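J.:
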């Protein structure tokens, strides 16, 4: 469904150029040529006094309104727009662009635009390869527009920022990055988390304890290390990262946060196939997963690596954790303080993302990466897919 095109209204006279789309959302239509636009040669003919092409029947507009709405729904729920850099390997990446014509129905004619414009924001899947393009695109939207987006997927690479004048970066995981988008009210958030097991474990724990902006979280890892790593020790008095039995521990935390009778849930699934991206999304190639403490080894859970999850042939199986927030729980991030210690706004205060990027990213992190990875950008890749939930593991985030 990645190469939709709409030509049913090609010859209607009520046609408009690309500027018909509201300015804050023009980036959704980058490099997309809508068939409803009149070509330059045709415009020249019109200017010379020639007539429009003869009108043709528009079968779509002859259908009942209810049927048209179902067609729009099918179209948008099977469409996605993708942005960011997708790693080819550890040293190269392509800049992703949305599939051509995926939203062309909005430009086909005035009638289809009027009927579909209230639907698409809440139905299509917004995909971002990493946090920076997500912030670049979404932080510019008015609150009223941002709050209409319902489905999003983001690569789980951490956001690196430097305090002005400090060359050492601070790493922020997705739960804290999303707090820079107050007003976000997603029905579903999918996170592709390809980093180390203990980092994935910490990120998901932060999602469950502090995450905002979503009702249902799909957290996917390319292997099983997140639930099988050995205890991670740090210097300088930093607490170690020690696994607990899951999903029971996460369930307890979420129930305590949202309330015991609000319908919260945390479910874990593990792929039955190794090195098979997407297998964990298929009910036929996954199985429920649950950990329990061994009563004979009380107090020792998580100290050593779990060989059933980290051994060769087992470690390469994907994990999927589905987290559901409680019914009627307020999921919207508060704009005002007090801020938690890990909140980016706890030290940037009222700075916008554009200001944060300029002061804490472009002049430090981006400058370093451009200098040390000059061959990173390889070109442009047009997003191609059969199903919107398809994915590849982004080498840029490994």
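Residue numbers (the UniProt record's numbering): 1 to 398. For each residue, glycine too, the CB sits at the ideal point set by N, CA and C. Please read these numbers as outputs of a predicted model, since none were measured by experiment.
Restricting to runs no shorter than 4 residues, where is the alpha helix (DSSP H) found entirely within the stretch 121-192?
T.: Counting only runs of 4 or more, we get 131-138, 143-146 and 174-177.
J.: When the Cα atoms are used, what is the spatial distance from residue 204 to residue 216?
T.: Near 13 angstroms, if we compare the C-alpha coordinates of residue 216 and residue 204.
J.: Closer than 8 angstroms: is that where the CB of residue 120 sits relative to any heavy atom of the ligand SAM?
T.: No copy of the ligand SAM occurs in the structure displayed, which carries no ligand at all.
J.: Which residues bound the beta strand (DSSP E) around residue 286?
T.: First-last of the beta strand (DSSP E) with residue 286: 286-288.
J.: Please list the segments of the beta strand (DSSP E) lying wholly inside the stretch 285-347, counting only runs of 3 or more residues, in order along the chain.
T.: Qualifying beta strand (DSSP E) stretches, in chain order: 286-288 and 317-324.
J.: When you compare only the Cα positions, how much space is there between residue 275 and residue 309?
T.: One C-alpha to the other measures close to 14 angstroms.
J.: With distances taken between CB atoms, is the gap from residue 333 to residue 178 smaller than 9 angstroms?
T.: Yes, these two residues count as a Cβ contact at 9 angstroms.
J.: Using a Cβ-Cβ cutoff of less than 6 angstroms, which residues in the same chain neighbour residue 247 once the five nearest sequence positions on both sides are dropped?
T.: Taken in chain order, the residues that qualify are 266 and 268.
J.: In its own chain, which residues sit with a C-beta less than 7 angstroms from the C-beta of residue 302, not counting the 5 before and 5 after it?
T.: Excluding residues within five positions, the ones whose Cβ falls inside 7 angstroms are 231, 242, 243 and 244.
J.: Locate the beta strand (DSSP E) running through residue 95, then write down its first and last residues.
T.: Start and end: 92-97.
J.: Whole-angstrom Cβ separation of residue 186 and residue 213, contact assumed at under 8 angstroms?
T.: At roughly 6 angstroms, the Cβ-Cβ gap stays under 8 angstroms, so residue 186 and residue 213 are in contact.
J.: Can you give the beta carbon distance from residue 183 to residue 143, rounded, assuming they're within the 8 angstroms contact cut?
T.: The Cβ separation is near 4 angstroms, so the contact holds.
J.: Skipping 5 residues on each side, what residues in its chain have a beta carbon closer than 7 angstroms to that of residue 313?
T.: Hits under 7 angstroms: 274.
J.: For the alpha helix (DSSP H) that residue 59 lies in, which residues bound it at each end?
T.: Residue 59 -> alpha helix (DSSP H) spans 59-62.
J.: Nearest-angstrom Cα distance between residue 67 and residue 147?
T.: Answer to the nearest angstrom: the Cα atoms are 27 angstroms apart.
J.: From what residue to what residue does the beta strand (DSSP E) around residue 88 run?
T.: Here the beta strand (DSSP E) through residue 88 covers 80-89.
J.: Between residue 225 and residue 196, is the Cβ-Cβ spacing less than 9 angstroms?
T.: Result yes, Cβ atoms of residue 225 and residue 196 sit closer than 9 angstroms.
J.: For residue 246, which three-state DSSP category applies?
T.: Looking at residue 246 - three-state DSSP - the assignment turns out to be coil, as it is neither helix nor strand.
J.: As a quick exercise: from 91, 194 and 159, pick the residue whose alpha carbon is nearest that of residue 171.
T.: It is 159.
J.: According to the Cβ coordinates, are residue 353 and residue 26 closer than 9 angstroms?
T.: The answer is no: Cβ separation not under 9 angstroms.
J.: What three-state label does DSSP hand residue 235 in the structure shown?
T.: In this structure, residue 235 counts as coil in the three-state DSSP scheme.
J.: Say whether chain B places a C-beta atom closer than 9 angstroms to the C-beta of residue 200.
T.: Of the protein chains in the structure, only one exists, and it is not chain B.
J.: Give me the Cα-Cα distance between residue 79 and residue 381, rounded to the nearest whole angstrom.
T.: The straight-line gap from Cα to Cα measures roughly 17 angstroms.
J.: With residue 190 and residue 153 assumed to form a contact (beta carbons below 8 angstroms), what rounded beta-carbon distance in angstroms separates them?
T.: 4 angstroms between Cβ atoms; contact.
J.: Based on DSSP bridge pairs, tell me the residues matched to residue 218.
T.: Beta-bridge pairing links residue 218 to 190 and 322.
J.: With which residues is residue 379 paired in a DSSP beta bridge?
T.: Answer is 94.
J.: For residue 282, collect the residues of the same chain with a Cβ closer than 8 angstroms to its Cβ; drop the 5 residues on either side in sequence, then sort them by chain order.
T.: Contacts found: none.
J.: Does DSSP put residue 205 in a helix, a strand or coil?
T.: Residue state, collapsed to three classes: helix.
J.: Among 165, 164 and 293, whose alpha-carbon lies nearest the alpha-carbon of residue 249?
T.: Here the closest residue by C-alpha is 293.
J.: Taking just the CA atoms, how far does residue 392 sit from residue 112?
T.: Using only the alpha carbons, I get a separation of about 34 angstroms.
J.: DSSP three-state label for residue 269, please.
T.: Three-state result, residue 269: strand.
J.: Between the beta-carbon of residue 129 and the beta-carbon of residue 173, is there less than 9 angstroms?
T.: No. Outside cutoff.
J.: From this set, 62, 121 and 110, which residue's C-alpha is nearest residue 73's C-alpha?
T.: The candidate whose alpha carbon is nearest that of residue 73 is 121.
J.: Label residue 340 either buried or exposed according to how many other C-beta atoms from any shown protein chain fall within 10 Å of its C-beta, with 16 as the threshold for buried.
T.: Burial call: exposed.
J.: Quick check: what's the CA-CA separation for residue 35 versus residue 126?
T.: Summary for residue 35: the model assigns pLDDT 42, below 50, so the residue's position carries little reliability, and this model does not support an answer.
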